[in-house]
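**Q**
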Ligand SMILES: NC(=O)c1ccc[n+]([C@@H]2O[C@H](COP(=O)([O-])OP(=O)(O)OC[C@H]3O[C@@H](n4cnc5c(N)ncnc54)[C@H](OP(=O)(O)O)[C@@H]3O)[C@@H](O)[C@H]2O)c1
């Protein structure tokens with residue numbers, strides 16, 4: 018680091034002050050507003066080894082905590098570096114996770130995919146998203162193998178297929194999932210998309226699974242605002258939806274509705290399955306930040322509080338690159354440029370699905 022240090026402002030907004038811990042040093046990262054006391058730093062104290070990024074030490078800047086600050090009683094963990102957002106039950110979950118669609122389809126890639134999930138955990142991307150649909154249960158098995166011995170580090174999201182989502186089928190699908198995942202509980206179990214079974218039937222099954230401890234909580238995926246309204250007042254914990262720069266429809270109604278409800282939204286395909294990577298506007302903004310287009314695409318999704326992104330990557334290097342999206346703060350100019358290239362919706366659009 019080698020910089021002179023930094024006087025911390027009285028409070029720091031979480032978007033503006035991602036605390037990044039380096040070199041085994043302990044500090045606290047949170048999605049709440051932080052005060053100096055919470056950092057173990059007295060007001061006015063200059064923290065040695067701290068530096069700002071983005072040109073400011075208060076809101077608008079980023080603060081890196083380097084050698085010299087040890088939070089009493091703290092324990093270093095990369096996971097502590099990742100901002101979190103609360104689920105409706107108050108449980109904080111990381112805003113950036115790892116998807117697994119496409120995993121376990123090619124035995125030749127298995128080693129890399131498992132290494133990628135290990136890298137995700139090491140990087141603090143502890144939210145792992147999978148589904149019984151992916152490789153016909155194969156992705157669940159791969160996740161189970163990757164998490165063997167590390168289960169407690171992860172927050173596992175899994176999904177039941179609509180064709181299995183009857184009262185009994187949901188419970189059976191969950192039991193299969195638990196076996197494949199080599200675990201005794203799923204942290205968040207989602208209905209993958211709406212099928213022929215009434216939502217109320219699936220919700221009853223989810224409730225039984227919560228009551229018996231096989232899942233911690235439940236949610237849905239690919240449900241538009243009218244269907245989400247039917248779930249108002251239930252214990253639904255999230256809606257996992259297609260949301261990225263080229264799929265901005267949810268900004269018109271679904272995202273504002275979810276924000277009002279205090280419901281976090283999980284954005285899948287945040288880099289549009291790789292199709293955004295060659296976009297010239299993204300490239301230009303990435304160059305300005307010394308970042309990559311994937312990082313800018315993910316940072317753009319994460320600009321909204323209460324939004325979680327679950328990009329999928331099949332190498333540890335890409336996993337680490339995607340984690341770097343948390344170090345990219347898009348400016349108002351960047352956001353205006355992106356709005357011009359990818360206009361926000363001016364009317365209702367049905368929720369798109371991949
Ligand atoms: N609920 C649903 O209906 C639903 C639907 C779709 C997806 N999902 C979930 O969301 C996850 C993410 O969505 P997605 O997989 O569709 O799309 P995505 O995350 O937008 O894109 C994944 C693609 O981008 C590539 N990629 C990732 N990081 C990269 C980087 N830094 N540089 C270059 N290329 C990079 C990946 O390549 P490599 O893999 O070769 O590294 C892969 O081809 C899925 O895996 C799944 O868990 C849920």
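In the working numbering, the protein residues as written are 18 to 371. Glycine included, each C-beta is placed from N, C-alpha and C at the ideal position.
With DSSP as the reference, identify every bridge partner of residue 176, one or two as the case may be.
**A** The partner list for residue 176 (beta bridge, DSSP) reads 207.
**Q** Rank 164, 252 and 293 by C-alpha distance to the C-alpha of residue 217 and give the top, closest one.
**A** For residue 217, the nearest C-alpha among the options comes from 252.
**Q** Using only CA atoms, which one of 228, 326, 367 and 151 lies nearest to residue 244?
**A** Taking only the C-alpha atoms, the option nearest residue 244 is 367.
**Q** May I ask whether a heavy atom of ligand 1 can be found less than 6 Å away from the beta carbon of residue 256?
**A** Outside the cutoff, so no.
**Q** Quick one, which of 273, 279, 107 and 351 has its alpha-carbon nearest residue 308's?
**A** Nearest option by C-alpha distance: 351.
**Q** Does residue 316 pass the burial test, meaning 16 or more other C-beta atoms within 10 Å, or should it be called exposed?
**A** So residue 316 counts as buried.
**Q** If I'm right that residue 324 touches residue 284 with Cβ under 8 Å, what's the distance once you round it to whole angstroms?
**A** Confirmed, Cβ separation roughly 6 Å.
**Q** Could you give the distance in angstroms between the alpha-carbon of residue 181 and the alpha-carbon of residue 172?
**A** Their backbone Cα atoms lie some 23 Å apart in a straight line.
**Q** Are there any heavy atoms of ligand 1 lying less than 6 Å away from the beta-carbon of residue 291, as far as the coordinates show?
**A** Checking every heavy atom of ligand 1 against the Cβ of residue 291, one is found closer than 6 Å.
**Q** Which word fits residue 141, buried or exposed, when buried means at least 16 other C-beta atoms lie within 10 angstroms of its C-beta?
**A** When all chains shown are included, residue 141 counts as buried.
**Q** Closer than 6 Å to a non-hydrogen atom of ligand 1 - does that hold for the CB of residue 286?
**A** Result yes, Cβ under 6 Å from ligand 1.
**Q** Per the contact definition of three or more C-beta pairs closer than 8 Å, is the segment 266-285 in contact with the segment 94-114?
**A** Touching, yes, given that three or more Cβ pairs across the two stretches are closer than 8 Å.
**Q** For the candidate residues 139, 240, 299 and 304, whose alpha-carbon lies nearest to that of residue 318?
**A** Ranking the options by Cα distance to residue 318, first place goes to 299.
**Q** Give me, in chain order, the residues of the same chain whose beta-carbon lies closer than 8 Å to that of residue 183; leave out the 5 immediate sequence neighbours on both sides.
**A** Hits under 8 Å: 214, 218, 219 and 222.
**Q** If you count every other CB in all the chains shown that lies within 10 Å of the CB of residue 312, and 16 or more means buried, which is it?
**A** Classification for residue 312: buried.
**Q** Using the three-state DSSP reduction, which class does residue 117 fall into: helix, strand or coil?
**A** Coil, per DSSP.
**Q** Using the Cα positions of residue 378 and residue 363, report the straight-line distance between them to the nearest angstrom.
**A** In the structure displayed, the chain extends from 18 to 371; residue 378 sits before or after that span and is not available.
**Q** For residue 349, name the three-state secondary structure that DSSP assigns.
**A** Helix.
**Q** Considering only heavy atoms of ligand 1, does any lie closer than 6 Å to the CB of residue 111?
**A** The answer is no for residue 111.
**Q** Per DSSP, which one or two residues make a beta bridge with residue 238?
**A** 257.
**Q** In its own chain, which residues sit with a C-beta less than 6 Å from the C-beta of residue 90, not counting the 5 before and 5 after it?
**A** Residue placement at residue 90 is flagged as unreliable, the pLDDT there being 31, under the threshold of 50; the coordinate-derived value follows with that caveat. So no residue of the chain qualifies.
**Q** According to the neighbour-count rule (16 or more other Cβ atoms, all chains shown, within 10 Å of its Cβ), is residue 355 buried or exposed?
**A** So residue 355 ends up on the buried side.
**Q** I'd like the ranges of any beta strand (DSSP E) spanning at least 3 consecutive residues and lying wholly in the segment 294-339.
**A** Entirely contained in the segment 294-339, the beta strand (DSSP E) runs reaching 3 residues are, in chain order, 324-326.
**Q** According to DSSP, simplified to helix, strand and coil, what is residue 146?
**A** Strand, per DSSP.
**Q** Taking the alpha-carbon positions, what's the residue 301 to residue 358 distance?
**A** About 12 Å.
**Q** Identify, in the order they occur along the chain, each residue of the same chain with its Cβ nearer than 7 Å to the Cβ of residue 361, setting aside the five sequence neighbours on each side.
**A** Closer than 7 Å at Cβ, skipping near neighbours: 265 and 268.
**Q** Identify which residue in 145, 289 and 188 has its Cα closest to the Cα of residue 116.
**A** Out of 145, 289 and 188, 145 has the C-alpha closest to the C-alpha of residue 116.
**Q** So, residue 233 versus residue 191, is the Cβ gap smaller than 7 Å?
**A** Their beta carbons are not under 7 Å apart, which means residue 233 does not touch residue 191 by this criterion.
**Q** So which of 303, 194, 177 and 178 has the shortest CA-CA distance to residue 160?
**A** Residue 194 is the option with its Cα nearest to residue 160.
**Q** Output the distance between the C-alpha atoms of residue 136 and residue 322, rounded to the nearest integer angstrom.
**A** So the two alpha carbons sit approximately 25 Å from each other.
**Q** Quick check: the Cα distance between residue 80 and residue 337, rounded to an integer number of angstroms?
**A** Its pLDDT being 42, under 50, residue 80 is placed unreliably by the model, and nothing is read from it.
**Q** Taking the alpha carbon of residue 165 as the reference point, which residue from 206, 201 and 371 has its own alpha carbon closest?
**A** Taking only the C-alpha atoms, the option nearest residue 165 is 201.
**Q** Considering only the alpha carbon of each residue, which of 262, 258 and 263 lies closest to residue 271?
**A** Residue 271 has its Cα closest to that of 258, out of 262, 258 and 263.
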